[in-house]
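Same order as they appear, the protein sequences are chains A and B. Sequential numbering of the first sequence, starting at 1, is according to the UniProt record's numbering. Sequential numbering of the second sequence, starting at 1, is according to the UniProt record's numbering. Cβ coordinates follow ideal geometry from the N, Cα and C atoms, glycine included. Source: prediction; values computed, not measured.
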Amino acid sequence: MFRFILRRLLQMVLAFFGTTLIVYALMFAGQSDPIQALAGERPVTAAQRAYLTEKYHLDQTGVGGFFYRYLDYVKNLLQGDLGQSLTGRQIGDILQQAWPVTVRLALIALAVAIIFGVTAGVIAGIRRAGVFDNSTLVLTLLVLGIPTIVLAPIAQYFLGVRWQLFPPTAGAQPSFYALLLPGIVLGSLSLATALRLTRTSVAENLRADYVRTARSKGLVKRRIVSVHVLRNSLIPVVTFLGVELGNLMSGAIITEGVFNIPGVGFNLFRGIRTEDGPLVVGIVSVLVVVYLLSNLVVDVLYAVLDPRIRYE
Amino acid sequence: MRVRRLAAWTALPLVVTLGLAACGSGGDGGSSGGQDAAVSIQISEPQHLVPTNTTETSGSQVLAGLFSPLVDYDAQNKPYEVAAQSVTSSDNNKVWTIKLKDGFTFHNGEKVTSDDYINAWNYGAYAPNGQGASYFFEKIAGYQDLQGEKPKAKTMSGLKKVDDLTFQVTLAEPYIDFKSMLGYTAFYPLPEAAFSAPGVLNDSYEQAPIGQGPFKMKGTWQHDSKLDVERYDAYPGEKPQVKDVEFRVYQQLTAAYSDLQSDNLDVLPTIPTENLSTAQSDLGENYQTSPMSSFQFLAFPTFEKDYSKPDVRKAISMAIDRDEITKSIFKGSQQSARSFVSPVLPGYRDNTTGAAGQFNPTEAKKLYQAAGGPSKITISYNGDGGHKDWVDATCNQLKANLGVDCVGSAEPKFADLLTKVEKKQPVGLFRMGWVMDYPSMEDYLGPLYSTNGSSNYYGYSNPEFDRLVKEGAAAPTQAEAIKKYQQAEDILAKDMPVIPLRFGENVYGHSSKVKNVQMDLFQRVNLVKIEAAG
C-alpha cells in the first residue's frame, strides 16, 4: 500500500508540471493586451503602460518570452511564491481567502450528493420499477436537464427573495446556513448523477451470482444489501464522486457568482476576464493539486472497498 | 467490523463539512435608527485606493467617504470650496493660488498642510510610480520633466508652497476650468504617514487609507468582501447622518439586486440591465433616477474612404430613431442625445446636431444616395458590455431606412476593438462611451475630438476646432470660454465625426431602511446626505 501511494505521488509531480506548463502556454497564447484589459475602457497612459510592462516582463514576447516567464514563474513557485496578480495583490493571499469558503461550499455539495444521492439510489435500486424508482428517474432527469445558470437564480429568487427561507447571498464569511442553499444548488447536479449511478449499480449487483448464493445460504436481506451489494456497488460511485470534488471546486464559477461568494470560481472567472495570467495559472495550479489528491483518495478507497485491487 | 469501517469512510466528509461550517461566523449587527445608523452600499472590488491611482467608480466611491475634495459641485455644476478656503487665479488663469481651510486633520491626527497636497500630486505625476490618474497633472508646469523611464525631476516646478495653508500652482498654459478640475479624485492630499520615505508610498497604505474626509477606515480593506468605514468625529465640514458605512463587494449586480429586494443591502447604485423592466414594480418608491454624465455614441473611422464625407455620416445619423431605441431597449433609463456634451454641464445646448439629429428616413435615404454611401455598414462593439441589443436594433433601422446591408460585429473586449481601430483595420462604425471627470465642456471636446486628443480614435482633425477649444481653455472668463466651446461644438455638428446617441442616467435603488439617497454625476452615493429611515 505504501509503495502504491508513493508511486502515485511521484506521478503527481510530473502531472503537476505538465499541466501548469499547458495552462501557462494557453493563457500566454490567448493574451491580447492584459494592461488594457485591466484598465477596462479607459485609455492607458504611456507611463503606466511602461511601468506594468516592466513589472510583469510583458516586453518579452514570442516563444523565448514565454519560456522566460514560465521559468521565472516556476522558480518563484518552488520558493513558495505564487507571485502577484496584475492588480498588484499577492496571489497567495487571494487564494488563502478564496479556498476556505470554496472548500466548505464543495463539501456541503458533496455531502448533499452522498447523503441524498446514494441513499435514494440504493432504495431505487432495490425497488426497481417501483413508484419511488420512477419518480426519482423523472426528478433526476429534470435536474440534469436544467443548467446551473438557470437553477441557481431560480432557487435564489424563490427561496431567498420571495419566501425568504434563506439569505439571498452568502458573502465572504458566510454562516453554514447561508452556504446551505448554494451548496444544495451546486450539489444537485452531482446528486442526480450519483443517484442514477448507485441505482444502476445496485440493481445490477442484486442479480449477481454471489447474491443468489448468499440468499440461498439463508442470509437476511438487510445483510446482503448492506454488506455484499453496497460494497461492490460503491466502486463506480466513489470514482465519480472523487472526480466530482475537483469539478465542484472549479465549477463553482456560476454558483459563486449568483450567491456572491468570493471563492475560487469567482477569482478564476475574474482572472480570465481581465487576462490576469499569473492569477489564472496560480489558481489552476492549485486546482490541479486538488484533482490529483482526490484521485489519489479514490484509488485508496478502491483498495479499501475491493481487496483484489489492494494486492495488485 | 468491515461494515463499520465503510460507514466511517462515508461519514467522514459530512463530519468535515459540519466542522468547517462551524468555523464560520455569521450575522450582521443590524442597524439602529438615527445618528448611529449603519448603511451598506454595493461596490465592485476597487482596483486601487490611492487617490492618484483610482480611476474607476468603486474606488472613487470609497475615497469620496475617506477624503474631502478641495472643491465640490453645486446644483448648476459650478465648483464651490470644500477643503479649500479659496481658489483664486491670476488674470490669465495661469497661476492659481489655493488657500486651505484651517481645522482639517487626517484620521491619524496629523494637521492637513499644503505639503500634503504637493507631495501627493508629485507622487501621482512621477511616471515610474505608474499611477493611473497621472495624466490629470499634465496641465501643471514641469509635468513633462517627471515623465519617461528616467525622469529629469521628481517634483513639478509648477507647485510652490507659500505657507502651511497656502500653495501656488503654475500651469503650463492658461486653463480656465482648473478650479473645476480640483474636484477630481486625483487631487486629494496624502498624509505624511502614507509615505515610507519622501516620494515612496508605504505598501500598506492602500489597505487602510488615511484621509481627511467625513469617514475613517474601520479595520482594513477586506478584499473581495467589504470595506467598513465609520464617522470621523473631528471632521470640520458637514457631518454625515449615519455612523457606519459598509461598502460591500459584489461580483455580480444581479446578486446585489436580490439582496436589495430582501433588505439585506441598502443602496444599489446601478440596477442591472436584466432587472430594469421589473425594477419599478419590485422597488416602488425606492426606485430612483438622477442625472449622470455618461455619453454613448457611434464613431466613424473618418480616415476610411467610405465614411470620409460628412453627408454620409449625417445621413446615417438621420436614419437612426434614437427615441425608439432608448424606449424599447433601455426602458427609458437613458435619454436620446442630440448634442456633443452632456446636459449636466454649464454651456449645454439642446439639439446642437440640428437636422442631422432628427429622425427623418426619407431625407436620410436621399442624402445617403446622393453622397454615395457604402452599400454595407458594419457596427463594431465590445461583446462583454451588453451592447448587442441596441447595436442590432440600430442596424435594423439602417437596413430599413437606408436600404443598406448592416451587421453588428462583436469584438471580445473593448481593448481588442481599440487595437483594431488604432491599426486602422476596417471595423466600420464602432461604439464609444465617455464619462466626464469634472464638469467642463473641455473635458468632452478636448480628449475626444482634438487632433491629438487622448481618446480621438477616429482620426478626426479640424484645425479650426482645435483652435477654438484652445482659446476656450485660455479664456479669461467662464462666459467667454463657454462661447468658444460652443463655437467648437458647432463645427462638430457640421462635420459629424461621431453620432451622439444617448446620455446616461443614474438608475438606482435603495432598501426601505434608508432615505434621502442622492447620487452625483459620477455614479457615487452622497455619503453625507444619506439617512436611516424612521
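Quiz item: Under three-state DSSP, which class holds residue 82 (chain A)?
Solution: Coil at residue 82 (chain A), not helix or strand.
Quiz item: Can you name the residues of chain B whose CB is closer than 8 angstroms to the CB of residue 11 (chain A)?
Solution: Listed along chain B is no residue with a C-beta nearer than 8 angstroms to that of residue 11 (chain A); the closest approach is about 24 angstroms.
Quiz item: Taking Cβ positions, are residue 172 (chain A) and residue 249 (chain B) nearer each other than 9 angstroms?
Solution: Yes, these two residues count as a Cβ contact at 9 angstroms.
Exercise. Would you mind telling me which residues of chain B sit closer than 9 angstroms to residue 232 (chain A), beta carbon to beta carbon, in chain order?
Key: For the C-beta of residue 232 (chain A), not a single chain B residue is nearer than 9 angstroms; the gap to the nearest is close to 12 angstroms.
Quiz item: Which runs of the alpha helix (DSSP H), 4 residues or longer, sit entirely within the segment 249–302 of chain B?
Solution: Listed in chain order, the complete alpha helix (DSSP H) runs (minimum 4 residues) inside the segment 249–302 of chain B are 253–261 and 276–283.
Quiz item: Which stretch, first to last residue, makes up the beta strand (DSSP E) that contains residue 112 (chain B)?
Solution: Residue 112 (chain B) -> no beta strand (DSSP E), and no H or E assigned at all.
Quiz prompt | Residue span of the beta strand (DSSP E) that contains residue 226 (chain B), given as start and end | solution = Residues 226–231.
Practice problem: Flag this pair as yes or no: are the beta carbons of residue 48 (chain B) and residue 88 (chain A) separated by less than 9 angstroms? | Solution: Less than 9 angstroms separates the beta-carbon of residue 48 (chain B) from that of residue 88 (chain A).
Self-check item: 7 angstroms Cβ shell around residue 98 (chain A) - same chain, five flanking residues per side excluded
Solution: Closer than 7 angstroms at the Cβ level, and outside the excluded window around residue 98 (chain A), lie 262, 263, 264 and 267.
Quiz item: So is the beta-carbon of residue 485 (chain B) under 8 angstroms away from any non-hydrogen atom of the ligand HEM?
Solution: Annotation note on the ligand HEM: not contained in the displayed structure, which lists no ligands.
Exercise. Give the residues of chain C in contact with residue 387 (chain B), contact being defined as C-beta atoms less than 7 angstroms apart.
Key: Among the protein chains in the structure shown, which are A and B, there is no chain C.
Quiz item: Grouping DSSP H, G and I as helix and E and B as strand, with all else coil, what is residue 8 (chain B)?
Solution: Confidence is the limiting factor: at residue 8 (chain B) the pLDDT is only 38, short of 50, which leaves the residue's position unreliable and the question unanswerable from this model.
Exercise. Say whether chain B places a C-beta atom closer than 9 angstroms to the C-beta of residue 269 (chain A).
Key: Yes - at least one Cβ of chain B is within 9 angstroms of the one on residue 269 (chain A).
Quiz prompt | Short CB-CB distance (under 9 angstroms) between residue 254 (chain B) and chain A | solution = Residue 254 (chain B) counts as touching chain A.
Practice problem: Return the chain-ordered list of same chain residues with a C-beta closer than 7 angstroms to the C-beta of residue 395 (chain B), the five sequence neighbours on each side being excluded. | Solution: Within the same chain, residue 395 (chain B) has close Cβ partners 379, 406, 407 and 408.
Exercise. Say whether the segment 374–394 of chain B touches the segment 411–422 of chain B, bearing in mind that this needs 3 or more beta-carbon pairs closer than 8 angstroms, one atom from each stretch.
Key: Contact between the segment 374–394 of chain B and the segment 411–422 of chain B is present: 3 or more CB-CB pairs across the two stretches fall below 8 angstroms.
Quiz prompt | chain A within 9 angstroms of residue 150 (chain B), Cβ atoms only | solution = For residue 150 (chain B), not one C-beta of chain A is nearer than 9 angstroms to its own C-beta.
Quiz item: Counting only beta-carbon atoms, is residue 115 (chain B) nearer than 9 angstroms to chain A?
Solution: For residue 115 (chain B), the nearest beta carbon of chain A is not closer than 9 angstroms to its own beta carbon.
Quiz item: With respect to the alpha helix (DSSP H) encompassing residue 182 (chain A), which residues constitute its N-terminal and C-terminal limits?
Solution: That run of the alpha helix (DSSP H) goes 176–206.
Practice problem: List the residues of chain A that residue 342 (chain B) touches, going by C-beta distances under 9 angstroms, in chain order. | Solution: By Cβ distance, chain A contributes nothing, its closest Cβ being about 17 angstroms from residue 342 (chain B), past 9 angstroms.
Quiz item: Does the Cβ of residue 528 (chain B) have 16 or more other Cβ atoms within 10 Å, making it buried, or fewer, making it exposed?
Solution: Counting of Cβ neighbours within 10 angstroms places residue 528 (chain B) among the buried residues, the total reaching 16 or more.
Quiz prompt | Reduced DSSP category for residue 22 (chain B) - H, G, I as helix; E, B as strand; rest coil | solution = Low confidence applies to residue 22 (chain B): its pLDDT is 38, below 50, so where it sits in the model is not reliable enough to give any reading.
Quiz item: residue 264 (chain B) versus chain A: which residues are under 8 angstroms apart at the beta carbon?
Solution: Within chain A, the C-beta atoms nearer than 8 angstroms to that of residue 264 (chain B) come from 167, 168 and 169, in chain order.
Exercise. Spell out whether any CB of chain A is found under 9 angstroms from the CB atom of residue 334 (chain B).
Key: Any Cβ of chain A closer than 9 angstroms to the Cβ of residue 334 (chain B) would place that residue at the interface, and such an atom is absent.
Quiz item: Which residues, taken in chain order from the segment 216–229 of chain B, show a beta carbon closer than 9 angstroms to some beta carbon of chain A?
Solution: Residues passing the 9 angstroms Cβ filter: 222, 223, 224, 225 and 226.
Quiz prompt | Limits of the alpha helix (DSSP H) - the one that residue 272 (chain A) falls within | solution = Segment 264–273, the alpha helix (DSSP H) holding residue 272 (chain A).
Quiz prompt | Where residue 23 (chain A) falls: helix, strand or coil (DSSP) | solution = Helix at residue 23 (chain A).
Quiz item: In terms of residue numbering, what span does the alpha helix (DSSP H) encompassing residue 282 (chain A) cover?
Solution: For residue 282 (chain A), the enclosing alpha helix (DSSP H) begins and ends at 277–305.
Quiz item: Are three or more beta carbon pairs between the segment 120–127 of chain B and the segment 100–109 of chain B nearer than 8 angstroms?
Solution: Judged by pairs of C-beta atoms under 8 angstroms, the segment 120–127 of chain B does not touch the segment 100–109 of chain B, as fewer than three such pairs exist.
Practice problem: Measure the C-alpha to C-alpha separation of residue 177 (chain A) and residue 351 (chain B) and round it to an integer number of angstroms. | Solution: Their Cα atoms are separated by approximately 56 angstroms.
Exercise. Could you check the C-alpha separation between residue 246 (chain A) and residue 256 (chain B) for me, to the nearest Å?
Key: Taking the straight line joining both Cα atoms gives about 28 angstroms.
Self-check item: Under 7 angstroms from the C-beta of residue 259 (chain B): neighbouring residues of chain A
Solution: 168 and 169, listed in chain order.
Exercise. With a 10 Å radius around its C-beta and 16 neighbouring C-beta atoms as the bar for buried, classify residue 233 (chain B) as buried or exposed.
Key: Residue 233 (chain B) should be labelled exposed.
Exercise. Give a yes or no on whether 9 angstroms exceeds the smallest Cβ distance from residue 94 (chain A) to chain B.
Key: It does; some Cβ of chain B falls within 9 angstroms.
Exercise. Within its chain, find whatever has a CB closer than 7 angstroms to the CB of residue 298 (chain A); leave out the 5 residues flanking it on each side and keep chain order.
Key: If the five residues before and after residue 298 (chain A) are omitted, its C-beta is found closer than 7 angstroms to the C-beta atoms of 238, 239 and 242, all from its own chain and listed in chain order.
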